[in-house]
Structure formats: C-alpha cells, structure tokens
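For the sequence shown, this note's numbering assigns the number 1316 to the initial residue and increments by one for each residue that follows.
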Amino acid sequence: MMSDMLRRIRMLLKEHWNTFSYSLSGLILLVLSQSHLDGEHPKVSTAAGIALGMATMWVTTPIPVGVTAMLPLVLYPILGILDGKSVAKCYFSDTHFVFVGSFFLAIAVERVNLHRRIALNLLLLLGVKPRNLLFGFSFATFLLSTCLSNTATAIMVIPLAMAVVDQLERPREEQSCDQEVRGASSEQKEQLSPRAPSLIPGESGSEELVYEVRESLGDRSDSYLGPSSLPVSSDELPHSSDQLLGSAASESDHFRLLHGRGDQSAHRDEEDEIKQGPLAVRLRRTLALGVAYSANIGGVATLIGTPPNLVYAGQFPILFPRGPPVSFSNWFYFSAPYSLLMFLICFAILSLSLSKEPRPEGESAQEKEAMSLETEVLTKEKNSLGKIRREEIIVISHGVVLVVLWFTRTPGILSVGWSQLFSNPTYITDGTAAMLISLSLFLFPKDVERRRQSEEEEDSIQDSQDPLYPPNCPSSPTSTPFPSAPPSSSPPRRILDAEAIKEIPWSVVILLGGGFALAEGSKASGLSSWMAKSLMSLSELEPQVVLLMTILLASLMTECNSNVAATAMLLPIVAELSVGLKVSPMAHMMCATFACSFAFMLPISTPPNAIAFATNAVSARDMLKVGFFLNSIACVALTVYTMWFFKPVYGHDPFQLPWWAVDVEDDDRRAAMSL
1316 MMSDMLRRIR
1326 MLLKEHWNTF
1336 SYSLSGLILL
1346 VLSQSHLDGE
1356 HPKVSTAAGI
1366 ALGMATMWVT
1376 TPIPVGVTAM
1386 LPLVLYPILG
1396 ILDGKSVAKC
1406 YFSDTHFVFV
1416 GSFFLAIAVE
1426 RVNLHRRIAL
1436 NLLLLLGVKP
1446 RNLLFGFSFA
1456 TFLLSTCLSN
1466 TATAIMVIPL
1476 AMAVVDQLER
1486 PREEQSCDQE
1496 VRGASSEQKE
1506 QLSPRAPSLI
1516 PGESGSEELV
1526 YEVRESLGDR
1536 SDSYLGPSSL
1546 PVSSDELPHS
1556 SDQLLGSAAS
1566 ESDHFRLLHG
1576 RGDQSAHRDE
1586 EDEIKQGPLA
1596 VRLRRTLALG
1606 VAYSANIGGV
1616 ATLIGTPPNL
1626 VYAGQFPILF
1636 PRGPPVSFSN
1646 WFYFSAPYSL
1656 LMFLICFAIL
1666 SLSLSKEPRP
1676 EGESAQEKEA
1686 MSLETEVLTK
1696 EKNSLGKIRR
1706 EEIIVISHGV
1716 VLVVLWFTRT
1726 PGILSVGWSQ
1736 LFSNPTYITD
1746 GTAAMLISLS
1756 LFLFPKDVER
1766 RRQSEEEEDS
1776 IQDSQDPLYP
1786 PNCPSSPTST
1796 PFPSAPPSSS
1806 PPRRILDAEA
1816 IKEIPWSVVI
1826 LLGGGFALAE
1836 GSKASGLSSW
1846 MAKSLMSLSE
1856 LEPQVVLLMT
1866 ILLASLMTEC
1876 NSNVAATAML
1886 LPIVAELSVG
1896 LKVSPMAHMM
1906 CATFACSFAF
1916 MLPISTPPNA
1926 IAFATNAVSA
1936 RDMLKVGFFL
1946 NSIACVALTV
1956 YTMWFFKPVY
1966 GHDPFQLPWW
1976 AVDVEDDDRR
1986 AAMSL
C-alpha cells in the first residue's frame, strides 16, 4: 500500500511538475523576504529570497535556465535591491565578449574540420595499444576542450573512440561469418559479410548517439553543446543552439539518465560480453569514461575552457574592484599545471582499472590482430581529410595569434605589454583581442581550393566536347539533355558567416549575466556579508581545512546542479567568508570555481558524462565508483596544490588577507549596504 501511495505521489508530481516548481520558488521568495534575517538591513532577506528562489528554479527547471537568469532584471528594481541600469550592465560585459569571441573561433575550427585532423594525427602518433588508445583519445579530448566546448569535443571524440574499439571484434566476426557464408547463395553472402564500422559522422550509430544525448541533456547549458562535427538531420534536432538550450529539461529525461536508457538496460549483461568480447567491453567502458572526464578536466586549464571560469572572471572584479585583474594569462599560469596534473591522475586511475581486470587466454593475440586494423582505419580516415587546406592554416594562425595576444597584452612574459603601445592601455582587454581575431574570420573565404578544382573540371569537360557538334547538341556524343547552368556568380563562402551568429549559445551568455547580477545584488544588499558572518564559526578550524571544505561543497553542489548556476551562487558567499576569516578570497574563489568542474560521479552532472553514458558502455554504477574516487583525489590534490603553488604565481599567501580585500571590507561594502 505504501508503494502504491508513493507511485501515485510520483505520478502526480510528474504531471504537475512545473506548477510545483513555480509554487515552491514563489513560496521561498515570499517567506524569506518577510523573515527579517538582518534587522539592520532588510534588503538581506529580500535578496536571499530571490537567490534561493532562482536556485530552486535552476534545479527543478520549470523554465529554461537562461530565462531564470533574467529574473534579476525584473525583481531587483521592483523589490529595491538595484536600479535597472545597474542590473542590465551585468548581462553584457567584457567577460561575455571573451566568451563570444572564443566561441566564434571554436566554430571556425569545427567548420574546417581542424579538430578531427588534430585528433587523428595524435592517435596515429601515440599508437593503438589499449593503453595508448586510452591516452591518445583522452589527451586529444583534454587539449581540444581547453579551447572548444567540452560537450562538442566529447560528441566528436566518443563516436570515433567507439568505432575504433569495434575493430577489436572484426577478426572474430569475420571468422564466424566465414563459416556462415560457406554454402550460402550469392545473394546472401553480401548480407552475411561483416562490415567494418565507419568513423565517418552519420554512420555507426553516430547520429543516434548525438540525438539521444541532446534529448537527454535538456538544460545543462553550462556545458553548451555548441556546433558539433556530427551532422544530425535538421528534422530531428532544433535548428540552433539557442533553441536546444532553451528547452527545459523534463523530469523524465533526468530519470532516464539516472536509472536507465529508455528501452535499453542500464547494466551490461553477460550476453553483451559474449557478443563483444571481454577486451572490447573493458576498453569501450574505459575510453568512454576517459573522454568524458578529460573534457571536464581540460576546461579548467584556460579562462575560456568552460563557462564557470568566466563566472569567476566576471564576479571577482565586481566583488573586489581593487583586486588584481583577471586575464587569460594569469589564470593559465595557475590552472594549467593543475589541470595537467589531474589529467595524469585520471589517466593513471583508468589505466589501472583497465589492467587490473583479468585477461582471458588468447586475448593478446586478438589485440595484435586488431591493432593493424585499427591503424589501417585511422590512416584511412586521416587520408580522407586530404592535405591541410588553406582555410585550416588560416584558422590555426588566428588561434595562435589570439593566444599570443592574450599572454602579451600586459607585462608578464615580456617587459612591456602590447596594449601599452596605445594611448589608453587600460581600455584594451582580453575581450578586445578575442573579438579582433574572431571578427577577422568573417573576411576570409572558405573552400577556395575546392572551387578552383571544380572550375578546372568544368573547363576540362568543355575541352573534351566534340568540335564537330555545337555544345549541348542532341546528336553530340558528349551532350546532355539539358543545357548547362551558367557559371555561379555568387560570392565565395566565408569561414564564418551569418549562420555562425546563430550558433552562439546565447542562453549561456544570458546565464553568465544572471550570475553576475546575483553577485552584484548580493554585494549591494549585504547578503553575502551576512552569510559570511553566519559562517564565522568556521574560523576555529585550520584555514587549510576551510579551503578543503569549500572545495568539497562546490564539488557536491555541481553534481546535481548547473555548473554555471552553482558557481554563480557559491562565489559571493566564498568571497565574504574569506574576508571574514582573513584569508585570500582570490585563492578560495578560484578553488571553488575549479571544483565546480569536478563533476565525475553522475551521468547528469555534465553533458560529457551523459554522452559517455548514452553509449551503453558505461553504467551509472561504473561512473559513480570511478567518479567518487576521482572526485576525492581532485579535492585533496587541489588543496595541496594551492598551498604550495598559489603564492609563487600570485605573490600573496592564500591563507592571509591581501590589502585590496581589507579596503573592500571596510569601505565599499558598508557604502553598498547603506544604499
């Protein structure tokens, strides 16, 4: 009877989920705004109600997360937290244009198929032994995700990895198929002959995988899908990233990811192992996890790698205007070594899990037989790309120039930054460089060599026509039944065109703005200061323990929540807590931002995790077991890494309050709370 009651309650919630979410969020806002959390500052209660109500809507997703992020534009002015102009400025800042410019470059990389060339060359360089395959696919994903969308990278690499693993079973399939082919009719032989799985997008189930993942991701827009190298039918998918990210995730989608895969079982059974072979099963599972985790880890390395990093870049100057500037270079110096360390730890864990499982007799011979096939397939795919084209060189050069501009904008590597060549060096930011490079890609033509080749083919056809007959004469042996079309006078396509603007995930841009608006509202109302005072009991603990607790909290929050939303909600609290405990807010905010990318345990934690889960190679139990271990190591490693390397990079102790944070505490916050 109890089970029937629970089932009815669940069905009722599923049917009225949106109504329940709206009601719960409104109730939280109403109750907290009337609770008088701080008698001296009534705005604290109102700001707390708005923040917690938005957090509830981000978790339950009754509407798209981008729409929820725009609520401060309405609620802050009406409820007296901030004026409308101040809130609106949060939604388009320099950080936003770092994101937009970087994404334009990512679109260009994928349009010219440069990311595929990089991945295939890296795999052929490292070799095709199981451990080498794991390192090759994982490292290729790690490198690509430092500058491209984590999700787009995973969507491109995982089908490639699964198709390569399928070659391990090709000798066994051919052997069994040969026995069936003997004695079969000629019409049946073609059907019985084994076909090698293709790495070309659109074959070997690539489209089904992409569609299933896009359907199941719903609103996990913090790790936007972006432009994918795997084309899917326009009838099946939304026509833009904005439409894709704007659809709210249904409860059934989340349930399917957590507890099953629709009609397919969440756990591999013995029949799968018999059919695929133990080596293929183990390698398929390990590669899927390696690609997913490497995509998450690689995003930490650069400021543009994942949206939570940009949330930090936007919130830190708001909360600490006298603090050091956040730039691509000073983020990279600290985060890249740690990201590389975490990649090596992840590879070691997965490699150990691959080698610890028992290996049946005869499997080494099967590996050797399959390695030549894998190399052959990878070489074939690389050759299908042809020689490096002019537009690929253009995109590579633009990417290199952009990175150089980011690193040399201010004095650091060089004694003088290039921005100092202009009359107002402070006017030039990382967003300026990003837009300069990305906008220039709208000027360069694409497919110039192909157009020239097609023109040469047309000329050769005309030259081959019989001179005794006029062109297109019905009696001519080379004539066609219809006259040839006039030569195309349309201008050549550009590497980036108007369609590229539609591919920008504008929902994520708005979501970033919502996070910045929350930070501004928390500062102006005194909410973050009040929360920090409420947590002052933590001052009795060692500062290293507080840092570890902060990292653990951020890591747990992001497992079942949007990474961007978790970062936006957590950073203002961490900033005020750091000031109250007399430790560096910069160190603690950066560590919390890193930890918001440590989502390794659940399929719904990040889109790369969901993509790995959708391959049917990984069960939720596999991901939880490996992810929990990796999460624990990542949190401890980040604490130790910060203790040792933060001061050499940034020049102040992570467990001491810097001067620029003392001024903010004494002056700016009191002035803001008196508004």
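We put the beta carbon where it would ideally sit given N, CA and C, even for glycine. The model shown is predicted, which means the values in this text are computed figures rather than measured ones.
A1813 versus F1419, A1403, A1363 and T1383, residue with shortest Cα-Cα distance: Residue F1419 is the option with its Cα nearest to A1813.
8 Å contact criterion, which V1427 and E1818 should meet: CB distance rounded: 14 Å between Cβ atoms; not a contact.
Environment of W1373 [buried if 16+ CB atoms lie within 10 Å]: buried
Whole-angstrom distance between L1352 and L1604, CA atom to CA atom: Their Cα atoms are separated by approximately 45 Å.
Alpha helix (DSSP H) segment containing R1432, residue limits: L1429 to L1441
Alpha carbon of S1619 to alpha carbon of T1601, nearest angstrom: What sits at residue 1619 in the sequence shown is Ile, not Ser. Take the alpha-carbon of I1619 and the one of T1601: they are about 27 Å apart.
Proximity of T1954 and I1888 at Cβ, strictly below 8 Å: In this structure, I1888 does not lie closer than 8 Å to T1954 by Cβ.
Distance between beta carbons of S1837 and S1843, contact taken as under 8 Å: In this structure S1843 touches S1837 by the C-beta definition: roughly 4 Å separates them, less than 8 Å.
Cβ pair W1733, T1723 closer than 8 Å: In this structure, T1723 lies closer than 8 Å to W1733 by Cβ.
Three-state class that DSSP yields for P1760 in the structure shown: strand
For R1808, three-class secondary structure by DSSP: coil
Nearest candidate by alpha-carbon position, reference Y1653, set F1961, V1977, P1623 and L1339: When only C-alpha atoms are compared, the closest one is F1961.
Endpoints, alpha helix (DSSP H) assigned at G1620: Counting along the chain, G1620 falls outside any alpha helix (DSSP H), and DSSP gives it neither H nor E.
Stretch pair the stretch 1618-1632 + the stretch 1932-1951: three plus CB contacts closer than 8 Å: no
Same chain only: Cβ atoms within 8 Å of V1273, ignoring 5 sequence neighbours per side: The chain is shown from 1316 up to 1990; residue 1273 falls before or after that span and cannot be answered.
Rounded straight-line distance, which links the Cα of A1421 to that of L1717: Spanning the two alpha carbons is a distance of roughly 12 Å.
Nearest neighbour of A1476, chosen from T1930, W1959 and A1976 [CA to CA]: T1930
Which of helix, strand or coil DSSP assigns to S1609: helix
Beta-carbon separation (whole angstroms), S1877 vs G1381, contact threshold 8 Å: 10 Å between Cβ atoms; not a contact.
DSSP-derived helix/strand/coil call for G1395: coil
Reduced DSSP secondary structure (H/G/I, E/B, other) of P1922: Helix.
Residue from F1915, F1635 and W1646 whose Cα sits closest to the Cα of A1834: F1635
Nearest-angstrom Cα separation, counted from G1451 out to L1441: Approximately 6 Å, taken between the alpha carbons.
Cβ-based burial, I1324 [other Cβ within 10 Å; buried from 16]: exposed
Start and end residues, alpha helix (DSSP H) containing Y1337: W1332 to S1348
L1659 versus A1949: straight-line alpha-carbon distance, rounded: Approximately 11 Å between the Cα atoms of the pair.
C-beta neighbour in chain D for V1380, strict 8 Å: No chain D is present in this structure, which holds just one protein chain.
Within 8 Å, strictly: CB atoms of A1869 and A1902: no
Exposure label - G1829; buried when at least 16 CB within 10 Å: buried
Helix, strand or coil at H1351 according to DSSP, with G and I counted as helix: coil
Counted within 10 angstroms of its Cβ, other Cβ atoms place R1431 as buried (16 or more) or exposed: In this structure R1431 is buried. Its beta-carbon is surrounded by 16 or more other beta-carbon atoms within 10 angstroms.
F1418 (DSSP reduced to helix, strand or coil): helix
Residue from P1622, G1701 and V1480 with nearest C-alpha to V1596: V1480
V1904: first and last residue of the uninterrupted alpha helix (DSSP H) it sits in: Note that residue 1904 is Met in the sequence shown, not Val. It spans P1900 to A1910 - the alpha helix (DSSP H) in which M1904 sits, taken as one unbroken run.
Residue closest to S1401, alpha-carbon to alpha-carbon, out of S1893, S1912 and F1831: F1831
Cβ neighbours of R1599 in the same chain (closer than 6 Å, five flanking residues each side left out): V1480 and A1932
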